[in-house]
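In what follows, a single structure is set out as structure tokens and then discussed.
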Amino acid sequence: MAGLELLFNCVANSITSSQDALICFVHWEVVKSGYKCLGIGDEPKDGEKKSELLPAGWSESKELYALRYRSNDDKSNLLLKAFTVDSTLIFNLMDSTTEKVTDLTVNISEYVDEANLQTFESVFKNTDELITKLKSSLLPPKKEEGQGKTEKKTKSERVSNLRDPHSDPLLIPTRGPPSRHPHNWPDPMAPFAAGGADLDPFGGRGAGGMIVDPLRAGFPRSGFDPSSGIPGVLPPGAVPPGARFDPFGPVGRHRPGPDPDHMPPPGYDDMFM
Numbered sequence: 052m053a054g055l056e057l058l059f060n061c062v063a064n065s066i067t068s069s070q071d072a073l074i075c076f077v078h079w080e081v082v083k084s085g086y087k088c089l090g091i092g093d094e095p096k097d098g099e100k101k102s103e104l105l106p107a108g109w110s111e112s113k114e115l116y117a118l119r120y121r122s123n124d125d126k127s128n129l130l131l132k133a134f135t136v137d138s139t140l141i142f143n144l145m146d147s148t149t150e151k152v153t154d155l156t157v158n159i160s161e162y163v164d165e166a167n168l169q170t171f172e173s174v175f176k177n178t179d180e181l182i183t184k185l186k187s188s189l190l191p192p193k194k195e196e197g198q199g200k201t202e203k204k205t206k207s208e209r210v211s212n213l214r215d216p217h218s219d220p221l222l223i224p225t226r227g228p229p230s231r232h233p234h235n236w237p238d239p240m241a242p243f244a245a246g247g248a249d250l251d252p253f254g255g256r257g258a259g260g261m262i263v264d265p266l267r268a269g270f271p272r273s274g275f276d277p278s279s280g281i282p283g284v285l286p287p288g289a290v291p292p293g294a295r296f297d298p299f300g301p302v303g304r305h306r307p308g309p310d311p312d313h314m315p316p317p318g319y320d321d322m323f324m
């Protein structure tokens, strides 16, 4: 509870009841959540400044306490009210920005020792339990220091993405299907590489090839047999993988793909033609 002892000693003369001590404790938890106090009452007053201390006159009424707070980033205002009902304090906290209201009822004697109101070391009890109740039922979530930086970074990333024409949701995409095989276009940075692909015995991706080779056109190869047209079979390794190779004879009969003779000529069954 770093800082609470200093606050308690600053306002010790104003603490004359158990309610006052409990208000002091809750006030410090609000400050730890990223807020500072502006003053008392429902309405703002001229010349108010944010402070971690309790304002003057905060404990004048033992039946109703009203404190106003503003976040450290000036984006949120809170109004804290506490009503004394018998042996309990009923807290109401409203965020004026979101108009969200939270409440918590606390049994005063469970957390304040009335016999030691002026002794900080013994005035509060069951503090861990009280802090848990305050965080879960009354106080707003604590604002982390890096949260603002993260929000700014996310916003800048969105702006950067909007500037990218390819991320524009209104941009009509290309109609062509995505290419699975990279195109073997010539390298514009090598204008004198004409014919370089013809000199590569391993069928590399050099630019400027002048020999038409369907086996290196960038499409999947068919069932090509380099032994077509000769008796027997070429030994393994006779044709390096990917190398340009002219078969010795016609390829096999069962070639994949359509064939001009697969379909009968038009009107073949018309006896009067």
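For the sequence shown, my numbering begins at 52 and goes up steadily by one. For each residue, glycine too, the CB sits at the ideal point set by N, CA and C. Quick caveat, the model's predicted, so the values are computed rather than measured.
Of the choices the options, whose alpha-carbon is the least far from that of residue i?
| i | options | result |
| --- | --- | --- |
| G108 | L130, I91, N64 | I91 |
| I115 | V157, L131, G98 | Checking the displayed sequence, the identity of residue 115 turns out to be Leu instead of Ile. Here the closest residue by C-alpha is L131. |
| L144 | L58, D125, I66, S187 | S187 |
| D124 | V82, E94, D164, E56 | V82 |
| K126 | S147, L190, P95 | S147 |
| K193 | E56, D97, Y86 | Y86 |
| E150 | P191, K184, I159 | P191 |
| E172 | S122, K184, A117, A53 | A53 |
| C61 | E80, P106, T183 | P106 |
| L104 | L185, F323, W79, K176 | W79 |
| D364 | I74, A63, N128 | Residue 364 falls outside the range modelled here, since the chain spans only 52 to 324, and no answer is possible. |
| A117 | P316, F323, I74 | I74 |
With a threshold of 16 other CB atoms inside 10 Å of the CB of residue i, please say whether the residue is buried or exposed.
| i | result |
| --- | --- |
| G288 | exposed |
| S69 | buried |
| P95 | exposed |
| S112 | exposed |
| F343 | Residue 343 cannot be examined here, being either before or after the span of the chain that is shown, 52 to 324. |
| S326 | Limits of the chain in this structure are 52 at one end and 324 at the other, which puts residue 326 out of reach. |
| G318 | exposed |
| F59 | buried |
Ignore the nearest five residues each way along the sequence and tell me which others in residue i's own chain have a CB closer than 6 Å to its CB.
| i | result |
| --- | --- |
| L181 | Y162 |
| S65 | S110 |
| I141 | F134, T156 |
| V152 | M145 |
| L189 | F142, L144, T153, L155 |
| D320 | none |
| T67 | none |
Quick one: give me the first and last residue of the alpha helix (DSSP H) that residue i is part of.
| i | result |
| --- | --- |
| A72 | 69-83 |
| F59 | 55-61 |
| L181 | 178-188 |
| E172 | 171-174 |
For residue i, which residues in the same chain have their Cβ closer than 7 Å to its Cβ, ignoring the five residues on either side in sequence?
| i | result |
| --- | --- |
| V174 | A72, V163, D164, N167, L168 |
| L89 | P95, E99, K101, R119, Y120, R121 |
| A63 | Q169 |
Give every residue of the same chain whose Cβ lies closer than 8 Å to the Cβ of residue i, excluding the five residues on either side of it in the sequence, and list them in chain order.
| i | result |
| --- | --- |
| E56 | F171 |
| N158 | S138, T139 |
| K176 | E161, Y162, V163, D164 |
| K45 | Because the chain is modelled from 52 through 324, residue 45 falls outside the range shown and cannot be assessed. |
Determine whether the Cβ of residue i lies closer than 9 Å to any Cβ atom of chain B.
| i | result |
| --- | --- |
| D124 | The chain inventory of the structure shown lacks chain B, comprising one protein chain alone. |
As an exercise, report each continuous beta strand (DSSP E) stretch of at least 3 residues that is fully enclosed by the region 77-157, in chain order. 86-91, 115-122, 128-136, 139-146
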